[in-house]
Structures are given as structure tokens and as C-alpha cells.
Amino acid sequence: VQLQACGGGSVQAGGSARLSCLASGSIFRFNVMGWHRQAPGKQRELVASFTSDGNTIYGDSVKGRFTISKDSPKNTVYLQMNSLKPEDTAVYYCYVKHPILRSDHWGQGTLVTVSS
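Residue 110 in my numbering sits at position 72 of the sequence shown, and the numbers go up by one each step.
Structure (C-alpha cells):
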């Protein structure tokens, strides 16, 4: 399984950005797809994710500002980020859980920098 994320870059505070992540290399459709992030000097944290039953969960710090969506036939997950804050600056990692093997697979990370 290979994950290719794109959409990172530099944004001003209050602005928006959209990340996308394509999961390839599997004949299966991924139900569990999501995003984590890691800021400098901090632990990796959940940003948003689809659960196995199709629900969505969000980290407390992004609720109401970020929206996760996916295109299941394309095995692509998106993250719409609005009202960005400098504290959203981090490397964002997409991930999927293989539906059969139950293994987690991570993308290479894409940097989002929010300037004040």
C-alpha cells in the first residue's frame, strides 16, 4: 500500500488549505482513512478520521474548522482546513487501515505552515 499526500504549503492565519491523499497498491477499498499531524517538539496527534462504521472523529483542537471527506472508489481522503491558526503548523500524515490485514499504512507527510 502506498499513500501519496499533497496540498501542503504556507498559509496565512485565517486562511484555508486542502490536503488530499491517494492510497494505491491494493484491490481493497479502505474504510478507515484519516489524518494525524505532528508539530515540532510534540507528539503525533489525531486530526480527523473515518471509523470502520463510516463515522468521523475529530481532534478537539480542529473541531468546527476542519472537515474530512473521502472518495471511496478512488481510495482518496481529503482534509479541508479552514480558519487556520499558527498552532496548526505541523507535518500532516495520512493513513489507512488495511481492511483485511488490519495493518496501518502511513503517507510520507506533508508540511503545512501557518503564519500569523
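Glycine included, each C-beta is placed from N, C-alpha and C at the ideal position. In this text, all values refer to a predicted model and were calculated from it rather than measured experimentally.
Q: Please report the Cβ distance between L41 and A61, rounded to the nearest whole angstrom; I am assuming they are in contact, meaning their Cβ atoms lie under 8 Å.
A: Going by Cβ atoms, the distance from L41 to A61 rounds to 5 Å, so yes, they are a contact pair.
(Q) Taking 9 Å as the threshold (C-beta atoms), are R75 and R67 in contact? (A) No, the Cβ-Cβ distance between R67 and R75 is not below 9 Å.
Q) Where do the ends of the beta strand (DSSP E) carrying E83 lie? A) It spans 83 to 88 - the beta strand (DSSP E) in which E83 sits, taken as one unbroken run.
Q. Over what stretch of residues does the beta strand (DSSP E) that includes V70 continue unbroken?
A. That residue, V70, is in no beta strand (DSSP E); it is neither H nor E in DSSP.
Q: Can you have a look at K108 and say buried or exposed, based on whether 16 or more other CB atoms are within 10 angstroms of its CB?
A: Per the 10 Å Cβ criterion, buried.
Q. Would you say L117 and L57 are within 9 Å of each other, going by their C-beta atoms?
A. Their beta carbons are under 9 Å apart, which means L117 touches L57 by this criterion.
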